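Numbering (our numbering), first residue to last: 7 to 478.
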């Protein structure tokens with residue numbers, strides 16, 4: 007008796023499911039009868055009344071299915087499933103191109119454990135050339151087929167025919183980047199630099215993301231005076247890839263003087279590099295401790311008005327635009343604080359460094375400039391005002407560049423000063439181990455609670471002056 011209730015429940019569920027299934031079957035039959043009555047009966051009647059029309063219609067449908075199966079479907083599968091496309095139609099050009107192209111690539115790429123690709127047998131080369139020739143008969147405007155044929159002729163050692171076929175491939179379509187890169191490398195080897203740079207321009211304009219592939223070849227051209235002149239002439243025309251070229255240049259050159267010579271050539275063409283374009287290379291020179299080369303290169307390409315205002319500290323009144331060059335002011339990212347250069351209120355339009363803190367904890371970003379001071383004693387001075395509130399506050403300091411050695415630091419700016427007030431501090435540059443220095447505004451917080459700041463601060467008229475040595 008204890009098991010009677012579960013058995014009754016199971017029987018009840020089974021009965022309910024059977025009823026639901028019967029309802030589904032009944033509704034399916036009803037729907038099919040309606041569709042058959044509405045759709046098939048008129049069609050059957052039409053076929054009986056006009057059998058010859060029905061035959062023509064059936065033939066057209068069969069022809070349509072055949073066209074889809076042998077033309078549209080193989081074309082759609084050509085790139086994703088070329089083998090299936092060829093199974094539907096053996097002479098699908100795009101599918102043949104995919105399959106043959108994979109074989110050709112496998113010929114020229116060595117196995118993982120080998121240094122050089124294996125030499126293919128003549129029968130394989132002849133077969134592949136015949137297949138590419140068939141593709142060209144079906145697709146006479148195919149640039150890819152010409153490039154594949156050029157690769158095969160290169161394997162045979164026929165450089166002249168390879169060059170001719172690669173040129174033809176690029177002429178058919180500028181999207182043939184592999185052919186253009188081959189031509190660029192070929193013309194660099196033969197020192198035909200203008201042609202090499204022309205094909206580099208084609209690749210870079212068509213595929214800007216391929217600049218990392220173009221750069222090693224262009225850097226090879228920079229090692230030769232004629233090649234450098236050809237690259238400079240192209241860059242002077244301000245191509246769309248010029249900014250990318252300067253951004254990648256430090257990663258591909260090992261000679262620090264090569265970019266300088268190129269920059270001088272560009273200046274002769276009336277298109278000198280901008281500070282933004284020079285910044286990656288100058289930062290690399292600083293990282294390699296070539297401080298003097300970096301500094302005097304930067305000075306060489308400054309506009310005349312900025313060069314005239316250059317001193318121990320550059321742009322101390324923030325009159326000139328900021329750049330990413332470390333010899334100008336660099337404002338690094340932070341959180342909970344805004345740092346920018348704006349016009350000072352009630353100061354005759356002079357600009358200043360404006361710091362505004364939010365409410366809460368501050369992650370103060372970098373505000374710094376790299377300077378090159380000779381050994382001696384100097385004074386860093388400026389003006390400030392504001393209403394900062396915090397247990398520590400901001401602080402100016404001077405360090406030896408690349409090291410944590412602090413030469414001197416200012417007071418802490420953590421109290422309200424409604425009117426402009428002067429500040430200064432003295433520091434000495436040692437005779438050794440401190441060729442470049444870093445002037446920095448930072449928040450010297452030692453614990454998390456000292457990162458809480460609020461209010462605003464203004465800085466202006468910053469400068470460094472040398473203190474005359476006392477004669478004994």
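From the three backbone atoms N, C-alpha and C, an ideal C-beta is built for every residue, glycine too.
Please read these numbers as outputs of a predicted model, since none were measured by experiment.
Unbroken beta strand (DSSP E) run spanning residue i, endpoints
{"i": "residue 424", "result": "423-435"}
{"i": "residue 390", "result": "382-392"}
{"i": "residue 137", "result": "Unbroken run through residue 137 is the alpha helix (DSSP H), 128-144; no beta strand (DSSP E)."}
{"i": "residue 470", "result": "458-472"}
{"i": "residue 185", "result": "Here residue 185 belongs to no beta strand (DSSP E); instead the alpha helix (DSSP H) covers 183-195."}
{"i": "residue 344", "result": "343-349"}
{"i": "residue 362", "result": "357-367"}
{"i": "residue 447", "result": "443-448"}
{"i": "residue 379", "result": "Segment: none, residue 379 is in no beta strand (DSSP E) and carries neither H nor E."}
{"i": "residue 406", "result": "401-406"}
{"i": "residue 331", "result": "Here residue 331 belongs to no beta strand (DSSP E), and DSSP marks it neither H nor E."}
{"i": "residue 414", "result": "412-415"}
Any C-beta of chain B under 8 Å from that of residue i
{"i": "residue 458", "result": "Looking at the structure shown, chain B is missing, and only one protein chain is on hand."}
Under 8 Å between C-beta atoms of residue i and residue j
{"i": "residue 532", "j": "residue 384", "result": "Given a span of 7 to 478 for the chain in the structure shown, any question on residue 532 remains unanswerable."}
{"i": "residue 427", "j": "residue 469", "result": "no"}
{"i": "residue 273", "j": "residue 245", "result": "no"}
{"i": "residue 227", "j": "residue 199", "result": "yes"}
{"i": "residue 373", "j": "residue 447", "result": "yes"}
{"i": "residue 6", "j": "residue 232", "result": "The requested residue 6 is not part of the displayed model; the chain covers only 7 to 478."}
{"i": "residue 219", "j": "residue 237", "result": "no"}
{"i": "residue 520", "j": "residue 429", "result": "Since the first and last residues shown for the chain are 7 and 478, residue 520 lies out of range."}
{"i": "residue 389", "j": "residue 466", "result": "yes"}
{"i": "residue 375", "j": "residue 296", "result": "no"}
{"i": "residue 360", "j": "residue 464", "result": "yes"}
{"i": "residue 420", "j": "residue 398", "result": "yes"}
{"i": "residue 323", "j": "residue 356", "result": "yes"}
{"i": "residue 241", "j": "residue 212", "result": "no"}
{"i": "residue 415", "j": "residue 431", "result": "yes"}
{"i": "residue 235", "j": "residue 271", "result": "yes"}
{"i": "residue 131", "j": "residue 182", "result": "no"}
{"i": "residue 337", "j": "residue 371", "result": "yes"}
{"i": "residue 329", "j": "residue 281", "result": "yes"}
{"i": "residue 208", "j": "residue 247", "result": "no"}
{"i": "residue 167", "j": "residue 197", "result": "no"}
{"i": "residue 379", "j": "residue 449", "result": "no"}
Close-in-space but distant-in-sequence residues of the same chain around residue i (CB under 8 Å, 5 per side omitted)
{"i": "residue 288", "result": "300, 303, 304, 331, 332 and 333"}
{"i": "residue 25", "result": "none"}
{"i": "residue 460", "result": "363, 364, 365, 394, 395 and 396"}
{"i": "residue 424", "result": "391 and 393"}
Limits of the unbroken alpha helix (DSSP H) element including residue i
{"i": "residue 240", "result": "231-242"}
{"i": "residue 253", "result": "248-258"}
{"i": "residue 275", "result": "Counting along the chain, residue 275 falls outside any alpha helix (DSSP H), and DSSP gives it neither H nor E."}
{"i": "residue 199", "result": "199-212"}
{"i": "residue 301", "result": "297-306"}
{"i": "residue 225", "result": "217-228"}
{"i": "residue 291", "result": "281-293"}
{"i": "residue 313", "result": "310-315"}
Same chain only: Cβ atoms within 7 Å of residue i, ignoring 5 sequence neighbours per side
{"i": "residue 135", "result": "155 and 158"}
{"i": "residue 87", "result": "Only weak support is given to the placement of residue 87: the predicted model assigns it a pLDDT of 49, under 50, and the value that follows is read from those uncertain coordinates. Contacts found: none."}
{"i": "residue 147", "result": "178"}
{"i": "residue 436", "result": "381"}
{"i": "residue 96", "result": "Residue placement at residue 96 is poorly supported in this model, since its pLDDT is 47, which falls under 50; the coordinates still yield a value, given next. Contacts found: none."}
{"i": "residue 192", "result": "169"}
{"i": "residue 474", "result": "none"}
{"i": "residue 152", "result": "171, 174, 175 and 178"}
{"i": "residue 142", "result": "148 and 151"}
{"i": "residue 350", "result": "356, 357, 358, 464 and 466"}
{"i": "residue 321", "result": "334 and 335"}
{"i": "residue 201", "result": "193"}
Cut-off 6 Å between Cβ atoms - residues of its own chain near residue i, not counting five sequence neighbours on either side
{"i": "residue 249", "result": "none"}
{"i": "residue 457", "result": "367, 368 and 451"}
{"i": "residue 307", "result": "278"}
{"i": "residue 440", "result": "406"}
{"i": "residue 362", "result": "344 and 462"}
{"i": "residue 205", "result": "186, 189 and 190"}
{"i": "residue 471", "result": "385"}
{"i": "residue 283", "result": "252"}
Contact test: residue i Cβ vs the ligand GDP heavy atom, cutoff 7 Å
{"i": "residue 209", "result": "This structure simply doesn't include the ligand GDP, nor any ligand for that matter."}
Using 8 Å as the threshold, is the stretch 357-371 in touch with the stretch 242-261, meaning 3 or more CB pairs across them? no
Using 8 Å as the threshold, is the stretch 186-206 in touch with the stretch 161-178, meaning 3 or more CB pairs across them? yes
Could you say if the stretch 394-411 and the stretch 339-349 meet the contact criterion of at least three C-beta pairs nearer than 8 Å? no
Would you mind listing the beta strand (DSSP E) stretches within the stretch 141-178 that are 3+ residues and don't spill past its ends, in chain order? none
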